[in-house]
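Residue numbers (our numbering): 156 to 463.
Since the structure comes first, as structure tokens, the remarks are kept for the end.
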């Protein structure tokens with residue numbers, strides 16, 4: 156998931172504690188843990204965007220270096236991810252609902268017929284490149300049509316999604332788009348990424364059911380983190396974890412010719428960035444930090460039990 160627009164805001168946002176609907180029990184307690192437990196989902200975004208992203212993410216999943224991942228259904232390497240899902244039925248794979256296509260020379264369009272979702276398309280016939288632009292053009296009913304098409308396409312490919320989230324945070328941009336997000340997640344009985352946002356967007360949480368889950372905190376690297384400080388950023392984030400549910404979103408890949416071509420002229424979330432994420436997540440130092448800080452790793456699949 157490219158959270159470029161969301162990531163900057165995340166630094167200043169207060170995320171929901173416990174359940175947004177004022178349940179008596181915290182998420183930890185609902186899962187059978189102590190209220191003081193530090194629960195962490197380590198989540199790899201953007202599966203199927205490139206073979207390089209897939210191989211790095213599959214390796215991290217197999218090594219239990221990440222606990223969860225999400226898939227961009229409109230992208231070119233979906234069949235590779237579907238094959239992995241078939242061979243690894245216990246893998247925690249959600250859908251990274253995709254309404255944007257952000258790279259300079261590698262673009263994609265919708266899964267739905269273009270004539271049914273014209274508001275999703277830029278002048279070249281691809282999905283809009285940036286979230287704010289997309290959100291200002293997309294009609295909610297067409298967004299719903301497209302994300303349902305993505306879910307159905309994934310299911311038809313043999314993927315059984317464990318959760319839903321939003322590529323580049325597009326579905327968090329307006330209450331109308333978030334309402335579509337929540338509605339579709341509820342229809343498919345899936346947990347979905349829900350955040351507490353400021354101003355008018357604070358009304359989004361009123362759309363949650365009493366079973367929905369809201370994370371307590373959210374961690375993602377941003378362009379202010381220098382390459383030489385990458386490992387320290389993540390280790391410090393683990394040391395600073397508070398009791399409750401946290402999601403750490405990472406973007407994995409190898410700094411190879413394919414991914415360099417996909418992310419050309421785009422250092423943020425580019426090939427080198429993704430290789431650094433992969434190196435840290437699979438490092439002994441990061442694993443040691445998790446153990447030393449008594450972090451309990453969980454999956455979205457665990458949260459799925461709470462919404463059914």
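Think of the CB as a built atom: it goes at the ideal place given N, C-alpha and C, for glycine as much as any other residue.
Could you spell out where the alpha helix (DSSP H) holding residue i opens and where it closes?
i: residue 193; result: Per DSSP, residue 193 belongs to no alpha helix (DSSP H); it is in the beta strand (DSSP E), 193-202.
i: residue 379; result: That residue, residue 379, is in no alpha helix (DSSP H); it is neither H nor E in DSSP.
i: residue 430; result: 426-436
i: residue 342; result: 330-342
i: residue 299; result: 295-311
i: residue 288; result: 286-292
i: residue 389; result: 385-394
i: residue 367; result: Premise fails: residue 367 is in no alpha helix (DSSP H) and is neither H nor E.
i: residue 271; result: Careful: residue 271 lies outside any alpha helix (DSSP H) and carries neither H nor E.
i: residue 458; result: 455-462
i: residue 414; result: 412-417
When we look at the beta-carbon of residue i and count the other beta-carbons within 10 Å, is it buried (16 or more) or exposed?
i: residue 218; result: exposed
i: residue 467; result: No answer is possible for residue 467: it lies beyond the span of the chain, which begins at 156 and ends at 463.
i: residue 454; result: buried
i: residue 429; result: buried
i: residue 418; result: buried
i: residue 180; result: exposed
i: residue 177; result: Any reading at residue 177 is ruled out, since the residue's pLDDT is 39, under 50, leaving its predicted position unreliable.
i: residue 431; result: buried
i: residue 238; result: exposed
i: residue 447; result: exposed
i: residue 185; result: buried
i: residue 383; result: exposed
i: residue 260; result: exposed
i: residue 310; result: exposed
i: residue 251; result: buried
i: residue 378; result: exposed
i: residue 291; result: exposed
i: residue 443; result: exposed
i: residue 212; result: buried
i: residue 229; result: buried
i: residue 265; result: buried
i: residue 279; result: exposed
i: residue 342; result: exposed
i: residue 301; result: buried
i: residue 245; result: exposed
i: residue 457; result: buried
i: residue 183; result: buried
i: residue 297; result: buried
i: residue 166; result: In this prediction, residue 166 has a pLDDT of 31, which is less than 50 and means its spatial position is unreliable; what the coordinates show is noted afterwards. Per the 10 Å Cβ criterion, exposed.
i: residue 243; result: exposed
i: residue 205; result: buried
Could you tell me how far apart the beta carbons of residue i and residue j are, in whole angstroms, since I believe they sit closer than 8 Å?
i: residue 318; j: residue 273; result: Between residue 273 and residue 318 the Cβ distance is about 29 Å, and since that is not below 8 Å, they are no contact.
i: residue 234; j: residue 196; result: Not a contact, Cβ separation roughly 26 Å.
i: residue 286; j: residue 323; result: 5 Å
i: residue 436; j: residue 396; result: About 16 Å separates the two Cβ atoms, so there is no contact after all.
i: residue 225; j: residue 409; result: With a Cβ gap of about 19 Å, residue 225 and residue 409 do not count as contacting.
i: residue 255; j: residue 325; result: 6 Å
i: residue 365; j: residue 401; result: Residue 365 to residue 401, Cβ: 22 Å. No contact.
i: residue 314; j: residue 240; result: 5 Å
i: residue 258; j: residue 421; result: 7 Å
i: residue 451; j: residue 188; result: 7 Å
i: residue 304; j: residue 267; result: 4 Å
i: residue 193; j: residue 449; result: 6 Å
Tell me, please, which residues DSSP counts as bridged to residue i.
i: residue 260; result: Residue 260 is not bridged to any residue.
i: residue 374; result: 403
i: residue 441; result: BP columns for residue 441 are empty, so no partner.
i: residue 283; result: 255
i: residue 276; result: 282
i: residue 347; result: 319
For the beta strand (DSSP E) that residue i lies in, which residues bound it at each end?
i: residue 319; result: 319-321
i: residue 452; result: 450-452
**Completely contained beta strand (DSSP E) runs for the segment 182-254, where each covers 3 or more residues** = Those beta strand (DSSP E) runs which fall completely within the segment 182-254 and span 3+ residues are 193-202, 223-226, 248-252.
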